[in-house]
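These notes are about the structure you will find just below.
Residue numbers (full-length UniProt numbering): 1 to 95.
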């Protein structure tokens, strides 16, 4: 993969005061949601650490989700209730 979403924004777009085009953000969002749905439906896994650093982009347009270090099986009740995640990206109810 070429870069992650955070590095693309921080190193290339932000210094030039360029905003992400809405069409690109839509494609990234759809790809991430499809990946999360696939993980849940096919493998019973929730990712639990979706953040810009874990969304990888390739120059050919491929989008991938990475870093399954704190992913959990849906049946693993203890893992589901743990507070492990990147706090900056946690939902308000988790905080």
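Cβ atoms here follow ideal geometry from the backbone N, Cα and C, with glycine treated the same way. Quick caveat, the model's predicted, so the values are computed rather than measured.
Exercise. In whole angstroms, what separates the C-alpha of residue 48 from that of residue 1?
Worked result: As a working note, residue 48 is residue 48 in the chain shown. As a working note, residue 1 is residue 1 in the chain shown. Answer to the nearest angstrom: the Cα atoms are 22 Å apart.
For this session: Grab the span of the beta strand (DSSP E) containing residue 57 for me, first residue to last.
Result: As a first step, residue 57 must be located in the chain shown, where it is residue number 57. Here the beta strand (DSSP E) through residue 57 covers 55 to 57.
For this session: Alpha carbon to alpha carbon, how far is residue 54 from residue 38? Give it in angstroms, no decimals.
Result: Within the chain shown, residue 38 is the residue found at index 38, counting from 1. Within the chain shown, residue 54 is the residue found at index 54, counting from 1. Residue 38 and residue 54: Cα-Cα distance of roughly 17 Å.
For this session: Report the rounded CA-to-CA distance for residue 46 versus residue 56, giving the unit in angstroms.
Result: Along the chain shown, one-based indexing puts residue 46 at 46. Along the chain shown, one-based indexing puts residue 56 at 56. Approximately 18 Å, taken between the alpha carbons.
Exercise. Hey, how far is the Cα of residue 13 from the Cα of residue 7?
Worked result: For the purposes of this step, residue 13 is identified with residue 13 of the chain shown, where counting begins at 1. For the purposes of this step, residue 7 is identified with residue 7 of the chain shown, where counting begins at 1. Each residue's alpha carbon lies about 9 Å from the other.
For this session: Spatial neighbours of residue 50 within its chain, please: CB distance less than 8 Å, with the 5 preceding and 5 following residues excluded, ordered by chain position.
Result: Here residue 50 refers to the residue found at position 50 of the chain shown. Here the set comprises 32, 36, 65, 89.
Exercise. Can you tell me whether DSSP reads residue 18 as helix, strand or coil?
Worked result: Within the chain shown, residue 18 is the residue found at index 18, counting from 1. DSSP places residue 18 in coil when its eight states are reduced to three.
For this session: Compare the Cα-Cα distances from residue 63 to each of 41, 34, 22 and report the closest residue.
Result: Here residue 63 refers to the residue found at position 63 when the chain shown is read from its first residue. If we check each option's Cα against that of residue 63, 34 comes out closest.
Problem set entry | Unbroken beta strand (DSSP E) run spanning residue 10, endpoints | The count along the chain shown starts at 1 and reaches residue 10 at position 10. Counting along the chain, residue 10 falls outside any beta strand (DSSP E), and DSSP gives it neither H nor E.
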